[in-house]
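Since the structure comes first, as structure tokens, the remarks are kept for the end.
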Amino acid sequence: MTYAPPAADIEWSKLGLAVTDIVNGHVECKFDPETKTWQAPTFVRDPYLRIHGLAPGLNYGQQIYEGLKATRNNNEEILLFRPDKHAARMSHSASVVSIPPIPSPLFLDAIRLAVSENAEFVPPHTTNSALYIRPLAFGTGGHFALTPPRDYLFCVYVQPFGTYHGTGAADAIVIEEFDRAAPRGTGNAKVGGNYAPVMKYTEQARSEGFPLTLHLDSATQTEIDEFSTSSFLGIMKEEGRVRLVVPDSQSVIESVTSDSVQGIARAMGWVVEKRSIPWTSVGEFTEVLAAGTAAAVVPIRSITRRSTGEKLEFESGPLCLELLTRLKGIQRGDFGDFFAHWVEAVKAPETVYEKYRAVGGDVPAVTKGGLNGFSKVVANGVSNGVGNGVANGVHDKKE
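First residue of the sequence shown? That's 5 in our numbering, and the numbers climb one at a time after it.
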């Protein structure tokens, strides 16, 4: 198919993480409390949401989110990177905070629709930028009781963005005055409550020259958990072998980027270990990396721990660069069959609408035009947890 080309009026090389309302819109799916199913996806232009002020998502933190990205290959196809892994992780997060599970087919369709309807905001293949994809879900209706509510909303937003921590090596500092996630707590779920309390510490660290902050385990403060925005990986070179070591903490999320880096390392013949990493052994690593969707793979130049007066320094070196080069090459479709099953080419938005139309039967006419040359509305949903009986399509939502 022919994709909309990248927008000509965007300076792709200057993109950061600032949110701008330049995109065409986002996707919404509502939960039907009567049928206990999610309704079919709707594409909405208005970026603002209408929810009750007493919604559990606002009052009790009943909220989950994901982060993945889309890029272009050299044929200008638009690619998604491991969306199935993100679907599984969001399902896990939903179970932690009592949100109805979002079926993987619906999650994937919502992602495809959000990206394809915003195709012109996927950066050119020649840049280091990408289209960041933010799925989120939360309780929306007014609800006082500390019990699961009836109403929920699942959305997918997108934004073009650049690199998070830049392209060079970064300095990190251990956060010691705050425990991010308790044992047997919510650390292994991607919920907002794990991140909001860290903001003041990361802001302070940045003002002192530390773009990354590191968390130790909450129980003993002796083992590595993860960085605030990304996973921790350590590299050791020993007797001609390269060993990649990843924390096995139960208080961190299952990082898709870290999992991908581990797969690449194994394919290159490296030894990969997932085990506890005592703080006292971190200095043995030749290189330390931070891995995450927005950050990709960032080499760590140093880690400072003020309570002990330690400053551990590492090579910002060739092994990290090799992993990063291969990871980005796979994401951008540059490596042929090497982990090609990790990427999916996005099809025209019409393919998603037709899928729901085929299941739901005849579709009424739509008065609002679709975006990117399409005009559509969908009535009814599909099986596997997606309900029917609602009209969906492109809307200017001004309620």
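All C-beta atoms, glycine included, are put in the ideal place defined by N, C-alpha and C.
When the Cα atoms are used, residue 203 and residue 230 turn out to be separated by approximately 15 angstroms. Looking at the backbone, the Cα of residue 348 and that of residue 303 are separated by about 28 angstroms.
For the region 67–147, the continuous beta strand (DSSP E) assignments of 3+ residues that do not extend past its boundaries occur at 67–69, 72–76, 82–85, 134–143, in sequence order. Between the region 79–96 and the region 108–115, the count of Cβ pairs shorter than 8 angstroms is three or higher; the stretches touch. The residue among 21, 120, 154, 63 with its C-alpha nearest the C-alpha of residue 351 is 120. Within the model, the alpha-carbon separation for residue 134 versus residue 141 is close to 23 angstroms.
The region 313–322 makes no contact with the region 258–267; the number of CB pairs closer than 8 angstroms stays below 3. Around the C-beta of residue 52, fewer than 16 other C-beta atoms lie within 10 Å, and the residue is accordingly described as exposed. Straight-line spacing of the CA atoms in residue 306 and residue 312 works out to 15 angstroms. The alpha-carbon of residue 155 is positioned some 34 angstroms away from that of residue 75.
In chain order, 97, 100 place their CB closer than 6 angstroms to the CB of residue 193, counting only its own chain and leaving out the 5 sequence neighbours on each side. A contact between stretches requires three or more CB pairs, one per stretch, nearer than 8 angstroms, and the region 229–245 meets this requirement with the region 272–289. Bounds of any beta strand (DSSP E) do not take in residue 14, whose DSSP letter is neither H nor E. In the DSSP annotation of this structure, the continuous segment of the alpha helix (DSSP H) that includes residue 210 starts and ends at 203–211. Within the region 273–347, the runs of beta strand (DSSP E) that reach at least 3 residues and sit entirely inside it are, in chain order, 275–279, 291–296, 300–309, 314–317. For residue 215, no alpha helix (DSSP H) encloses it, and the DSSP letter there is neither H nor E. By the Cβ criterion, the region 174–185 is not in contact with the region 36–48, since fewer than three pairs of Cβ atoms, one from each stretch, lie closer than 8 angstroms. Distance from the CA of residue 42 to the CA of residue 255, rounded to the nearest whole angstrom, comes to 29 angstroms. When the alpha-carbon of residue 323 is set against those of 81, 226, 289, 94, the nearest one is in 289. For residue 270, the enclosing alpha helix (DSSP H) starts and ends at 260–271.
Counting other Cβ atoms within 10 Å of its Cβ, residue 183 reaches 16 or more and is therefore classed as buried. Annotated as distal: residue 215 and residue 236, with beta-carbon spacing of 8 angstroms or more. Boundaries of the beta strand (DSSP E) harbouring residue 164: 156–165, taken from the DSSP string.
With contacts defined by Cβ atoms closer than 8 angstroms, residue 60 and residue 143 form a contacting pair.
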